[in-house]
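A.B. asks: According to UniProt numbering, the residues represented by the sequence shown are 1 to 76, in order.
We put the CB at the ideal spot given by N, CA and C, even for glycine.
From a predicted model like this one, the values you see are computed outputs, not experimental measurements.
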Amino acid sequence: MFSCEDGAWSIIDDAVKKYEQHFHDEFPIYEYIDVTKSDDFDFSILGAKKLAKFIDEHIKENKLVHVPSDYHSRLY
1 MFSCEDGAWS IIDDAVKKYE QHFHDEFPIY EYIDVTKSDD FDFSILGAKK LAKFIDEHIK
61 ENKLVHVPSD YHSRLY
């Protein structure tokens, strides 16, 4: 079970949609949970803003994020 600070998911969702629309590829959100988490939440507002900036940088550079080969076979 993941925890989410109020307001964080909408920031994350907007950023992920932007990434997926740009690259026509799925964003591996659980691979980047270390960016979004805080001491209290897996998905924090501060972390959501960091993730949005991270995604914007990848879009600007037209560079896909790294996805480990076993990402889709993992259980979260």
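DSSP three-state label for Phe43, please.
C.D. replies: Phe43: strand per DSSP, three-state reduction.
A.B. asks: Going by the beta-carbon positions, is the gap between Ala8 and Ile55 smaller than 8 Å?
C.D. replies: No, these two residues do not count as a Cβ contact at 8 Å.
A.B. asks: Ignore the nearest five residues each way along the sequence and tell me which others in Phe23's own chain have a CB closer than 7 Å to its CB.
C.D. replies: For Phe23, where only same-chain residues beyond five positions count, the Cβ hits under 7 Å are Leu64.
A.B. asks: What residue range does the alpha helix (DSSP H) around Ser10 cover?
C.D. replies: Here the alpha helix (DSSP H) through Ser10 covers Ala8 to Phe23.
A.B. asks: Nearest to Glu61 by CA position, among Val67, Phe2, Tyr19 and Asp34, is which residue?
C.D. replies: Ranking the options by Cα distance to Glu61, first place goes to Tyr19.
A.B. asks: Would you call Val35 buried or exposed, if buried means 16 or more other Cβ atoms sit within 10 Å of its Cβ?
C.D. replies: So Val35 counts as buried.
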